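In this note's numbering, the protein residues as written are 135 to 299.
In structure tokens:
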């Protein structure tokens, strides 16, 4: 068995081809995602005061028989039934978990939607950086995604969590 001896890189080699920092150690990237998440949070703060809407929050949440009890038969039924013709078991399961812990308090459902959206925004930024897009371009693109008007419905309307998930 032969061993490979690695040569130490010269200063010139390090300058021409720097070893990339990890995301968590790069202050510029951390400041970028911090700004993005702050702007996203500020943009969606008004949605936290929303109530449930009578469009379909009542059918998906308030009147959904699978959310009456948090037991094995109800959980199983979430995965074999649809609501209003749509099969969204992860969304309904997340509602069941929330209802089991906090009941029907709209504020908490809206906070969860916003937090889920912010997690997605974080991963959009990370994926763009992994695609070797410049940090500035990744930040701009992620901000556009984060606060684009098409995202409002997904964050501000509880039932539209299915779009975030």
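Glycine residues also receive a C-beta, built at the ideal position from the N, C-alpha and C atoms. Note that the structure is predicted; figures quoted are calculated from it, not measured.
Check, Outcome
"Cβ contact (3+ pairs, closer than 8 Å) linking the stretch 210 to 222 and the stretch 269 to 285", "no"
"Local conformation of residue 217 per DSSP, three classes", "strand"
"With 16 other Cβ atoms within 10 Å as the buried cut-off, status of residue 206", "exposed"
"Where residue 156 falls, given that 16 or more other Cβ within 10 Å makes a residue buried", "exposed"
"Proximity winner among 288, 230, 214, relative to residue 254 (alpha-carbon distances)", "288"
"Beta-carbon contacts of residue 79 that lie in its chain and below 7 Å, excluding the five residues immediately before and after", "Within the shown structure, residues of the chain are numbered from 135 to 299, placing residue 79 beyond reach of any answer."
"Local Cβ density within 10 Å of residue 266, reported as buried at 16 or more and exposed below that", "exposed"
"Residue 168 in three-state terms, based on DSSP", "helix"
"Beta-carbon proximity check, residue 201 vs residue 229, cutoff 8 Å", "yes"
"Distance, residue 203 Cα to residue 256 Cα", "34 Å"
"DSSP state of residue 239 mapped onto helix, strand, coil", "coil"
"Delimiting residues of the alpha helix (DSSP H) encompassing residue 288", "283 to 290"
"Same chain, Cβ closer than 7 Å to residue 170, five either side skipped, listed in chain order", "255, 259, 273, 276, 277, 280"
"Inter-residue spacing [alpha-carbon to alpha-carbon] between residue 240 and residue 185", "5 Å"
"Own chain residues within Cβ distance below 7 Å of residue 190, not counting five before or after", "218, 293"
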